[in-house]
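Undergrad: Supplied in structure tokens, the structure appears directly below.
Residue numbers (this note's numbering): 1124 to 1495.
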């Protein structure tokens, strides 16, 4: 009986050891693949680092699909030799605002897709960390979902450096720490979810997934790229007006659902306060501020305004315009394309105006403002 007990204990210990070894090997494989594939650049920004070097040397840099824009901005600001006089922050709806459209020579566009109020803090926080000061002028693209309290976009929390820049400036501006209940940080090395994402990249790309995406100067004028001032150049199929592009613009049959904004009923109290505190902080530093509101497509506006599919858009727009008047801030643009006699031909999709359209909105808004 004693021998049987000892034998059972020995077998149990062996099972524990085997399980431990299996778990160790499994986690090691997960960590290895997450680090060396790192398809979203949340562990290392090596590819974005090379892209930033190309861009800051005055070149047009090719940008691949679905690259980590926030990691790229981290590297851009981190490698800058001097702070730009003007920066543009906001979402992809503001990515055309650069030297050519605004007329400001010393400008860099730091916009990232799906920007939130946290991105405003993070992007400016990167400059504060690097230079201990902020640019003299800030152009802020403001989309309705920036002020949505239940905005599901958490990309601003993926990269530690980016997140810390956000937290530090947030603390300085608001006098309290940034707390978001829906932000759950997990170790990217050991993340099973990220492992699955990386394995998907491996299945699609094979061994090339380990090399990351290629950082190179863009010599093909038809491919997507970033210009030296940070503004975007879309692929030719989107950059240039065409019947195919127009079809995509007109496919909408409902209100805007991006970032769940269709569920937004009012401006979030916290987002409003954090927005106003940031603007107040910038103005206390004598920084000039310009708000930019980009129109939605004409077809989309029919649902937004005529069918009242997104009633909160009027609320946000009125708030931004009134806030601008009260605080002596220029407001360029409007969510309603009809205000500028635009057509669907001027849009890339339901919420992105093309370059010519953006120039028209910018110029006409400033001209109208000069008449008062």
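No residue lacks a Cβ here, since even glycine has one placed at the ideal position from N, Cα and C.
Treat the numbers as computed from the prediction; the structure is a model and nothing was measured.
1) Within the chosen definition, does the segment 1200-1220 reach the segment 1459-1470 through at least 3 CB pairs nearer than 8 Å?
2) Consult DSSP for residue 1313 and reduce its assignment to one of helix, strand or coil.
3) Determine the contact status of residue 1233 and residue 1396, defining contact as a CB-CB distance below 9 Å.
4) Going by DSSP, what residues sit across from residue 1232 in a beta bridge?
5) Return the chain-ordered list of same chain residues with a C-beta closer than 8 Å to the C-beta of residue 1369, the five sequence neighbours on each side being excluded.
6) Helix or strand or just coil, what does DSSP make of residue 1370?
7) Using alpha carbons as the reference points, say which of 1387, 1454, 1263 and 1447 lies closest to residue 1217.
8) Taking 7 Å as the limit between beta carbons, can you name the residues of its chain near residue 1228, skipping five residues before and five after?
9) Anyone know if the C-beta pair for residue 1251 and residue 1294 falls short of 9 Å?
10) Mind checking whether residue 1348 and residue 1210 have CB atoms under 9 Å apart?
11) At what residues does the alpha helix (DSSP H) containing residue 1473 begin and finish?
12) Name the residue from 1177, 1267 and 1406 whose alpha carbon lies nearest to the alpha carbon of residue 1214.
13) Quick one, are the C-beta atoms of residue 1420 and residue 1373 less than 9 Å apart?
14) With three or more C-beta pairs closer than 8 Å as the rule, is the segment 1278-1287 touching the segment 1436-1449?
15) In its own chain, which residues sit with a C-beta less than 6 Å from the C-beta of residue 1244, not counting the 5 before and 5 after it?
16) With distances taken between CB atoms, is the gap from residue 1405 to residue 1301 smaller than 9 Å?
17) Do residue 1358 and residue 1346 have their C-beta atoms closer together than 9 Å?
18) Using three-state DSSP, classify residue 1461 as helix, strand or coil.
19) Please classify residue 1352: is it buried, with 16 or more other beta-carbons within 10 angstroms of its beta-carbon, or exposed?
20) Can you find the residues in the same chain that come closer than 7 Å, C-beta to C-beta, to residue 1383, ignoring five residues on each side of it along the sequence?
21) Fully enclosed by the segment 1245-1284, which alpha helix (DSSP H) runs are 4 residues long or longer?
22) Once you ignore the five residues that flank residue 1196 on each side, which residues in its own chain have a CB closer than 8 Å to its CB?
23) May I ask you to report which of helix, strand or coil DSSP gives residue 1387?
24) Would you list the residues sitting across from residue 1415 in a DSSP beta bridge?
25) Are residue 1422 and residue 1473 touching if we call contact CB-CB under 9 Å?
26) Kindly indicate which three-state DSSP category residue 1348 falls into: helix, strand or coil?
27) Nearest by alpha-carbon distance to residue 1438: which of 1242, 1169, 1388 and 1184 is it?
28) Is the beta carbon of residue 1208 less than 9 Å from the beta carbon of residue 1258?
29) Please report how far the alpha carbon of residue 1313 lies from the alpha carbon of residue 1480, in whole angstroms.
30) Under the three-state reduction of DSSP, which class applies to residue 1199: helix, strand or coil?
31) Considering only DSSP beta bridges, list what residue 1356 is partnered with.
32) Helix, strand or coil for residue 1185, going by three-state DSSP, please let me know.
33) Take the Cβ of residue 1254 as the centre, count every other Cβ of all protein chains shown within 10 Å, and call the residue buried at 16 or more, exposed below.
34) Since I believe residue 1379 is in contact with residue 1415 (beta carbons under 8 Å), could you give me their beta-carbon distance rounded to a whole number of angstroms?
TA: Short version:
1) no
2) With a pLDDT of only 49 at residue 1313, under 50, the local geometry of the prediction cannot be trusted, and no value is derived from it.
3) no
4) Residue pairing of residue 1232 in beta bridges, as defined by DSSP: 1211.
5) 1467 and 1468
6) helix
7) 1263
8) 1222
9) No, they are not a contact pair.
10) no
11) Run containing residue 1473: none; DSSP gives neither H nor E here.
12) 1267
13) yes
14) The answer is no - the segment 1278-1287 does not touch the segment 1436-1449, with fewer than three Cβ pairs under 8 Å.
15) For residue 1244, where only same-chain residues beyond five positions count, the Cβ hits under 6 Å are 1289, 1292 and 1293.
16) no
17) For residue 1358 and residue 1346, yes; Cβs fall inside 9 Å.
18) helix
19) buried
20) Setting aside the 5 residues that flank it on each side, residue 1383 is surrounded in the same chain by 1273 and 1275, each with a C-beta closer than 7 Å to its C-beta; the list follows chain order.
21) none
22) Same-chain partners within the cutoff: 1233, 1235, 1246, 1249 and 1285.
23) Looking at residue 1387 - three-state DSSP - the assignment turns out to be coil, as it is neither helix nor strand.
24) 1264 and 1455
25) yes
26) strand
27) Considering only alpha carbons, the answer is 1388.
28) Closer than 9 Å, so yes.
29) The pLDDT assigned to residue 1313 is 49, lower than 50, so where the model puts this residue is not dependable; a value taken from the coordinates is nonetheless given after this. If you take the alpha carbons of residue 1313 and residue 1480, they lie about 45 Å apart.
30) helix
31) 1348
32) strand
33) exposed
34) With a Cβ gap of about 18 Å, residue 1415 and residue 1379 do not count as contacting.
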